[in-house]
Each structure stands twice: as C-alpha cells, then as structure tokens.
Amino acid sequence: MAKYNKSLDRAYFEKKKNPKYDDGDKLTKCCKQSKYQKTMMKGNKEDWRLIEDHIERTLYDYTNTISVTPKFCNECDRFIEYISKINLEKTW
Ligand SMILES: [Zn+2]
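Start counting the sequence shown at 1; every next residue gets the next number (my numbering).
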C-alpha cells in the first residue's frame, strides 16, 4: 500500500480538491499569483466594494495616509497589492 507511505503535502490536498491542479505551474507568469486561489479581480463590482471598504478604513485609521492605490496585474487583472501614500511630516 504505497499510498500510506506517502507524505501528504499542500499539493496533495490541492489535487484532491481540483484534479487539474498542477503544483509546478501553480503561479501565474505575469504576477506570480496562485492560479487556483480566488483573488480579487479588476472590474469585479463585489471585489471593488471590498477594496473601497479597506481603503476607507485605512484612511480613517491612519491619519497620515494621504491616499491608497489598489494595484492590479496588467496581464490578468488579479489584485496584487495596496500602495499607500504616506505623509511623513505628520506625526501621530
Ligand atoms: Zn497577472
């Protein structure tokens, strides 16, 4: 029973959920994001609402934040990161 002598790693469970899962090719070439994980997408209304909420909260919580830019991949439209513009002159 070779099956029981096998170590079970992340790839094993990903494959179990999705038979098409390919561990060697799990990241997009353009932005190195997981192809198999649901990520926020540019142009998705629901995702944009979450992004707006996040930015509004950030601006509210951190008064030295001037603005926040949500960055998306130009190739596949996946959300990558938030870039905050910070006012360094302003102290807490
Ligand atoms: Zn991409």
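Beta carbons are placed, not taken as given, at the ideal position from N, Cα and C, and that holds for glycine.
Could you tell me the distance, in whole angstroms, from the CA atom of residue i to the CA atom of residue j?
i	j	result
S7	N87	50 Å
S84	D22	34 Å
H54	E81	12 Å
R78	T65	24 Å
G43	T58	22 Å
P70	M41	11 Å
K38	C31	14 Å
State the start and end residues of the unbroken beta strand (DSSP E) segment that holds residue i.
i	result
Y82	F79 to I86
T28	From DSSP, T28 is part of no beta strand (DSSP E); its letter is neither H nor E.
K71	T65 to F72
Please list the terminal residues of the continuous alpha helix (DSSP H) segment that includes residue i.
i	result
K42	Where K42 is concerned, there is no enclosing alpha helix (DSSP H), given that its DSSP letter is neither H nor E.
message: Check whether the region 46–53 and the region 3–23 are in contact - that is, three or more C-beta pairs closer than 8 Å.
response: No, the region 46–53 does not touch the region 3–23.
- prompt: Which residues have a Cβ closer than 7 Å to any heavy atom of ligand 1, listed in chain order?
  reply: Cβ-based neighbours of ligand 1 within the cut-off: T28, C30, C31, Q33, C73, E75, C76 and R78.
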